[in-house]
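Asks:
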Amino acid sequence: MYQVSDQTGRRFVITGANSGTGMEATRRIAAAGGHVVMGVRSEDKGHAAAAEIRQDVPGASLEVRRIDLADLASVHAFVDGILSDGQQLDVLINNAGVMAVPKRMLTADGFELQFGSNFLGPFALTNLLLPHLLSSASPRVVTMASGAANFGRINFRDLQFAESYSPARVYAQSKLADLLLGLHLARVAEDRGWNLLSTIAHPGYTRTNLQSAGPNLGRTTKRFNPLTDLPILPSQDVVTGTEPLLFAATEPGARQGAYYGPRGFGGLVGATKKVELPRSARGVDLASSLWAVAEDLTGTTLPIEVATPSR
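Those letters in the sequence shown? Residues 2 to 312, by our numbering.
Rendered as C-alpha cells:
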C-alpha cells in the first residue's frame, strides 16, 4: 500500500469526497495529518462519510461543503466560501465525476451533463481557486482522468453531442478533456514560473460507485452491467485504485505534468507508475484550443497576477 507522507499543515479540497476514490483519498490524507475540505453534492452524504472516516481516523480534520459541478453558480458559491474563510489552500483534487449517462441530459447552465460535470465544472473550479492556491509555498492541482481518455476525441464541431449522443463517447471525450486540462495547466505553470505542480491520475478499473451505479447516477436500482456483474476484466478495490490519485497529490517526487495510473494488465490494475500519454493527448495546440473554448463557456480565466507564497 502506498504510504502517504506527512501532510500536517496542508489543506486540501477534494471533490466527490463522500464515496469511492474521493472518500478513500480523504481518509488517507486525513490519517497523514492533512485537513480536507470535502466537496460534495449532498451535504447529508458528506457528513455521513465524514463520520465514517472519523471512526477509522479519530481526530480527522474534515469539513463538509456543498458543490455541484453541474452548476456554475454552485461552483462560484463554493469558491466564495473557501476564499472568505481566510485559510490557506495547498491542494485541489478534481476527483468527482459522472459516467455513461444513458440519455442526453443538461447541466444547470445548459451543457451536456458529462462534459459539464466532468470537465467544465472542474475547469471553472480550478481557474477560480488558482489565485488562492498560488499563495501556498507548494500548491498542487490534481485532475482525475480515466483510461477511457485513450478512446476519446475532442469533437469541437459538436462538443455538447447535441447531434448524435453516445454515453461512452461523451464520457471518453470528457476524460480526455480532463487529461488535457492537467497537461495544459502544467505548461502554463512552467511558462509563467509559477510554483504550481499540476499532475493527472487515473484509477484503472476500480470498483467504485461510477461502475456499480453506472448509468443510474447513484440511484438504488441499478441496471445489469456486464463489466461488473460478470468477471470479464480484472478489477481492483477502491483502496488500490485510489493510489495513483494519492501519489499525484502527495508524493514529493511527483513530476510536473506527469500522468499516474496502474502498472498492471492493460493499465487496469496494479501498483502506481507514471503512464504513457495517449496519442490524442500529446498535441499542445489541441489543449490550448480546448482551454480557450472552456474559458468562453465558463466565463473563467487564468489569473494574471499571483500572490506571493505565504510559507
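Virtual Cβ for every residue (Gly too), placed ideally from N, Cα, C.
Note down the Cα distance separating LEU294 from LEU160, rounded to an integer number of angstroms.
Replies: For the purposes of this step, residue 294 is taken as residue 293 along the sequence shown, with counting starting at 1. For the purposes of this step, residue 160 is taken as residue 159 along the sequence shown, with counting starting at 1. Note that residue 294 corresponds to Val in the displayed sequence, not to Leu. Distance between the alpha carbons of VAL294 and LEU160 is about 10 Å.
Asks: If contacts are defined as beta-carbon pairs under 8 Å, then ILE15 and ALA26 qualify, I think. What distance do you get, rounded to the angstrom?
Replies: Residue mapping note: residue 15 aligns to position 14 of the sequence shown, counting from 1. Residue mapping note: residue 26 aligns to position 25 of the sequence shown, counting from 1. Yes, they are in contact, since the Cβ atoms of ILE15 and ALA26 sit about 6 Å apart, within 8 Å.
Asks: Pairs of beta-carbons, one from the segment 126-137 and one from the segment 90-110, closer than 8 Å: are there three or more?
Replies: yes
Asks: Using a 10 Å radius around the Cβ and a threshold of 16 neighbouring Cβ atoms, would you call PHE120 buried or exposed?
Replies: Working through the sequence shown from its first residue, we reach residue 120 at position 119. Buried, by the Cβ-count rule.
Asks: Check for me: the beta strand (DSSP E) holding LYS176 runs from which residue to which?
Replies: For the purposes of this step, residue 176 is taken as residue 175 along the sequence shown, with counting starting at 1. Premise fails: LYS176 lies in the alpha helix (DSSP H), 168-193, not in any beta strand (DSSP E).
Asks: Which same chain residues, not among the five before or five after SER75, have their C-beta less than 6 Å away from its C-beta?
Replies: For the purposes of this step, residue 75 is taken as the residue at position 74 of the sequence shown. Residues ILE68, ASP69 of the same chain have their beta carbon placed closer than 6 Å to that of SER75, with the five preceding and five following residues left out of the count.
Asks: When burial is assigned at 16 or more other CB atoms within 10 Å of the CB, is GLU244 buried or exposed?
Replies: In the sequence shown, residue 244 corresponds to position 243, counting from 1. Counting Cβ neighbours within 10 Å, GLU244 comes out buried, since at least 16 surround it.
Asks: By DSSP's criteria, ARG141 is part of a beta bridge. Which residues make up the other side?
Replies: As a position in the sequence shown, residue 141 is number 140, starting the count at 1. BP columns for ARG141 point to VAL92, LEU198.
Asks: Compare the C-alpha of ALA146 against each of GLU64, PRO279, GLN8 and name the closest.
Replies: Position 145 of the sequence shown, counted from the first residue, corresponds to residue 146. When only C-alpha atoms are compared, the closest one is PRO279.
Asks: For ARG141, count the other beta carbons within 10 Å of its own beta carbon; 16 or more makes it buried, fewer makes it exposed. Which is it?
Replies: The count along the sequence shown starts at 1 and reaches residue 141 at position 140. Note on ARG141: 16 or more other CB atoms within 10 angstroms of its CB, so buried under the neighbour-count rule.
Asks: With distances taken from CA atoms, which of LEU63, ALA50, GLY35 is nearest SER6?
Replies: Here residue 6 corresponds to residue number 5 of the sequence shown, with the count starting at 1. Comparing Cα positions, the closest option is GLY35.
Asks: Going by the DSSP bridge assignment, what does THR273 pair with across the sheet?
Replies: The residue you call residue 273 lines up with position 272 of the sequence shown. PRO263, per the DSSP bridge assignment.
Asks: Assign ARG154 to buried or exposed, taking buried as 16 or more other Cβ atoms, counted over all protein chains shown, within 10 Å of its Cβ.
Replies: Residue numbering aside, residue 154 sits at position 153 when the sequence shown is read from its first letter. Exposed, because fewer than 16 other Cβ atoms sit within 10 Å of the Cβ of ARG154.
Asks: How far does the beta strand (DSSP E) with ILE15 in it reach, from first residue to last?
Replies: Along the sequence shown, one-based indexing puts residue 15 at 14. 12-16 is the extent of the beta strand (DSSP E) around ILE15.
Asks: LEU63 by DSSP, collapsed to three states: which one?
Replies: The residue labelled residue 63 in the question sits at position 62 within the sequence shown. Correct three-state label for LEU63: strand.
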